[in-house]
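Report on the following structure.
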Amino acid sequence: MSYRQSHDRSITEPSAFWAEQAGRVAWYRAPQDTLQALPDGSHRWFADGRLNTCYLALDRQIELGRGNQTALIYDSPVTSTQQRFSYLELRDEVARLAGALRALGVEKGDGVIIYMPMVPQAAMAMLACARLGAVHSVVFGGFAPHELALRIDDARPKLVLTASCGLEFERVIEYKPLVDKALELASHQPAHVLVLQRPQAMAELKAGRDLDWRETLVHAQPADPVEVASGDPLYIMYTSGTTGKPKGIVRDNGGHAVALSYALPTIFGLQPGDVWWGVSDVGWVVGHSLIVYGPLMNGCTTVFYEGKPVRTPDAGSYWRVIEEHKVNSLFCAPTAIRAIRKEDPQGELLKRYDLSSLRHLFLAGEKLDSTTQHWLEELTDKPVHDHWWQTETGWPVTAPCTGLGDHDLRGGSTNRAVPGYHVQVVDDEGRLLGPNEQGSIVIALPLPPGCAQTLWNDHARYLQAYLKTYPGYYHTGDGGYVDEEGFVYIMGRTDDVINVSGHRLSTGEMEELLALHEAVAECAVIAVQDDLKGHVPLGLVVLKDGAQATEANLQRELVALVRERIGALACFQRAVVLKRLPKTRSGKILRAVLRKIADGESYAPPSTIDDPAILGEIAERLGQAGLAKAG
Numbered sequence: 001m002s003y004r005q006s007h008d009r010s011i012t013e014p015s016a017f018w019a020e021q022a023g024r025v026a027w028y029r030a031p032q033d034t035l036q037a038l039p040d041g042s043h044r045w046f047a048d049g050r051l052n053t054c055y056l057a058l059d060r061q062i063e064l065g066r067g068n069q070t071a072l073i074y075d076s077p078v079t080s081t082q083q084r085f086s087y088l089e090l091r092d093e094v095a096r097l098a099g100a101l102r103a104l105g106v107e108k109g110d111g112v113i114i115y116m117p118m119v120p121q122a123a124m125a126m127l128a129c130a131r132l133g134a135v136h137s138v139v140f141g142g143f144a145p146h147e148l149a150l151r152i153d154d155a156r157p158k159l160v161l162t163a164s165c166g167l168e169f170e171r172v173i174e175y176k177p178l179v180d181k182a183l184e185l186a187s188h189q190p191a192h193v194l195v196l197q198r199p200q201a202m203a204e205l206k207a208g209r210d211l212d213w214r215e216t217l218v219h220a221q222p223a224d225p226v227e228v229a230s231g232d233p234l235y236i237m238y239t240s241g242t243t244g245k246p247k248g249i250v251r252d253n254g255g256h257a258v259a260l261s262y263a264l265p266t267i268f269g270l271q272p273g274d275v276w277w278g279v280s281d282v283g284w285v286v287g288h289s290l291i292v293y294g295p296l297m298n299g300c301t302t303v304f305y306e307g308k309p310v311r312t313p314d315a316g317s318y319w320r321v322i323e324e325h326k327v328n329s330l331f332c333a334p335t336a337i338r339a340i341r342k343e344d345p346q347g348e349l350l351k352r353y354d355l356s357s358l359r360h361l362f363l364a365g366e367k368l369d370s371t372t373q374h375w376l377e378e379l380t381d382k383p384v385h386d387h388w389w390q391t392e393t394g395w396p397v398t399a400p401c402t403g404l405g406d407h408d409l410r411g412g413s414t415n416r417a418v419p420g421y422h423v424q425v426v427d428d429e430g431r432l433l434g435p436n437e438q439g440s441i442v443i444a445l446p447l448p449p450g451c452a453q454t455l456w457n458d459h460a461r462y463l464q465a466y467l468k469t470y471p472g473y474y475h476t477g478d479g480g481y482v483d484e485e486g487f488v489y490i491m492g493r494t495d496d497v498i499n500v501s502g503h504r505l506s507t508g509e510m511e512e513l514l515a516l517h518e519a520v521a522e523c524a525v526i527a528v529q530d531d532l533k534g535h536v537p538l539g540l541v542v543l544k545d546g547a548q549a550t551e552a553n554l555q556r557e558l559v560a561l562v563r564e565r566i567g568a569l570a571c572f573q574r575a576v577v578l579k580r581l582p583k584t585r586s587g588k589i590l591r592a593v594l595r596k597i598a599d600g601e602s603y604a605p606p607s608t609i610d611d612p613a614i615l616g617e618i619a620e621r622l623g624q625a626g627l628a629k630a631g
């Protein structure tokens, strides 16, 4: 079917459509009950199906003749190490680790916390838990002990898997002291901590509780996959919550398997044997869907990268990986490309590498400005696709469906809704808006398979956060509009819409304009309090390396640009140059924290921040710039 036929059928006949897609999965018992609508507005997919996710990712691929194909490539420029694992080798490692976990008391339904860097053992740990039917929660290695303790108390794991350290450019982050402190703070105490010792920083092991990873596996007996119900949880992924308590997004086994078996060939155009590189971390949803489970369940080779877009060793690191491993398609965050562009604005490093294997580049996680998109397209001569999804959905909501022949590009748009998603726009009262009218982006129920249907041990909070605001719809929290041809434009989180003298203005639209300036590498626009107008926008910009613009001239040019494109009503009058912007480890700019700094409000550095020290630098810089409430 064409994209349009597929999307229309998925909306008008969701049960029939997804029953067909479920045929892509090798079930132990194929589901007969495709969709159950529940009275509270949530729903269940494939409730009577039985399967095992690890079997689909490894054993099934071996049965299909892919045993000797490379399953995982580990590329670590921070340690100058590379490893390759065939499907057979990866299956054997995972089965042995699963056997070790079982010997330590982990069984179906038990919780396991994984707190690890980007090493192959992190993927093996996830798959080993899935093999046993245990519920894993990956917490990004290096998270603060307090945040880790919150997750331990919520997930109540039998076991914590960690490494002695993680590595970043020119620094070693010791994990074991962070785990020890977290366990001091936590009420729940897991029986054991399994520690992968790395030579860069060996950890001290506490007798009776801590175990050496390699020694534990020496005598472990391989474990076979355990059959689980479709609705049984595969993993918990925590996101920051406004109450201070993290929200545990729950991903089920059955819907997840169907969604990813459909998404990778349909959206990304991947076929068995293709080399796929999802540039992220297993602490984020991309790491689960597009580094571990999705590529392996679809018979691809996945690249597991321990490094940065720059300084490991330079801004050509991504292009080196593509050339060496013959990468066919790549996913990364726009902020990674902006970092590369900042250090190599003319693309001189890119030109040294052969990118002929590359078919597509997919960017998501942060708004993709048109300047960055065009720069990347021109230098690589490859299509660059924006797309949009969330931790809660687990796979893309809007994207090009390259596997259906849908390669349309529309500047500024995250593309059209993927089959299964009925994306609409409503006003504050929940009334549907027409084409090109801005409002809240919502998704009509039922959500397709793979999307979260509850929160860990807090279903009431799930209903309140996602389904109550607009009955009959999932509330995404993003604002924007849909044009007459169905292309979706995400303008930012709804709380990033500012009110200036009664005019509702999008900071995302202003950021798009600032990014057009030739000297600007990255930018953020925030609202700062104003006694007369309520709020006014403030531009925060990072310059490209070597840019010669003075701050006064730059501000004048940026103000003129916004005035020309949006109008004087935007009241955009200030732009401040920063050395860098505060970001999460996944690359999202922390705009809410920037607003609090500018307004002189108290704030706590989020657990997800990449470098907390930057916040003090920014407060000092804004104070120097004459913002009365800053500093």
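Residue numbering for the sequence shown follows the UniProt record's numbering, starting at 1 and increasing by one per position.
For each residue, glycine too, the CB sits at the ideal point set by N, CA and C.
With fewer than 16 neighbouring CB atoms inside 10 Å of its own CB, Ser-187 falls in the exposed class. Within a 10 Å sphere around the beta-carbon of Gly-411 sit fewer than 16 other beta-carbons, which makes this residue exposed.
Selection Gln-346, Leu-217, Ser-280 and Arg-574 evaluated against Ala-364 yields Ser-280 as nearest (Cα-Cα). Counting C-beta pairs closer than 8 Å gives fewer than three between the segment 174-192 and the segment 319-329, which falls short of the contact rule. Of the candidates Gly-420, Trp-456, Ser-607 and Glu-522, Trp-456 places its Cα closest to the Cα of Tyr-235. Distance from the CA of Gly-255 to the CA of Val-193, rounded to the nearest whole angstrom, comes to 31 Å. Between Pro-400 and His-385, the gap from beta carbon to beta carbon is short of 7 Å. Secondary structure within the segment 579-611: not one fully enclosed beta strand (DSSP E) run of 3 or more consecutive residues is present. Comparing alpha carbon positions, the residue from Val-542, Gln-555, Glu-557 and Ala-570 closest to Pro-582 is Val-542. Ala-155: member of the alpha helix (DSSP H) spanning 145-155, first to last residue. Rounded to the nearest whole angstrom, the C-alpha separation of Thr-162 and Thr-302 is 22 Å. In this structure Ala-98 touches Arg-131 by the C-beta definition: roughly 4 Å separates them, less than 8 Å. For Asp-210, there is no enclosing alpha helix (DSSP H); the enclosing beta strand (DSSP E) covers residues 210-212. Proximity of the segment 84-99 to the segment 263-281 falls short of the contact definition, fewer than three beta-carbon pairs being nearer than 8 Å.
The alpha carbon of Tyr-115 has as its nearest neighbour, out of Lys-108, Ile-618 and Ala-123, the alpha carbon of Ala-123. Below 8 Å, enough C-beta pairs join the segment 443-459 and the segment 32-48 to call them touching: three or more. Approximately 5 Å separates the beta-carbon atoms of Tyr-305 and Asp-75; this is inside 8 Å, confirming the contact. In its chain, beyond the 5 residues on either side, Arg-341 have a beta carbon closer than 7 Å to the beta carbon of Trp-375. A straight line joining the alpha-carbon of Asp-478 with that of Ser-506 spans about 11 Å.
Where Val-179 is concerned, the enclosing alpha helix (DSSP H) starts and stops at 176-185. The beta carbon of Asp-153 lies closer than 6 Å to those of Ala-186, Ser-187 and His-188 in the same chain, with the five residues before and after it left out. The straight-line gap separating the alpha-carbon atoms of Gly-439 and Arg-359 is approximately 35 Å. Annotation for Ile-11: the continuous alpha helix (DSSP H) segment containing it runs 3-12. Per DSSP, reduced to three states, the secondary structure at Met-491 is strand. The three-state reading of DSSP puts Tyr-293 in helix, counting H, G and I together. Annotation: Val-536 to Arg-574 spans about 9 Å, alpha carbon to alpha carbon.
Scanning its chain for C-beta atoms nearer than 6 Å, with the 5 sequence neighbours on each side dropped, one finds around Tyr-603 the residues Val-593 and Lys-596, in chain order. Here DSSP, grouped into helix, strand and coil, assigns Pro-120 to helix. Straight-line spacing of the CA atoms in Gly-105 and Arg-60 works out to 26 Å. Looking only at Pro-396, Val-250 and His-387, the smallest Cα-Cα distance to Ser-413 is reached by His-387. In the displayed model, Ser-413 falls within coil according to three-state DSSP, outside both helix and strand.
Under DSSP, Ser-329 takes part in a beta bridge, and its partners are Trp-276 and His-360.
In this structure, the straight-line span from the alpha carbon of Glu-557 to that of Ala-521 is close to 15 Å. DSSP, reduced to helix, strand and coil, places Cys-523 within a strand of the structure shown.
Going by C-alpha positions, Gly-23 is about 32 Å away from Ile-113. Arg-50 carries a strand assignment under DSSP once its states are collapsed to helix, strand and coil.
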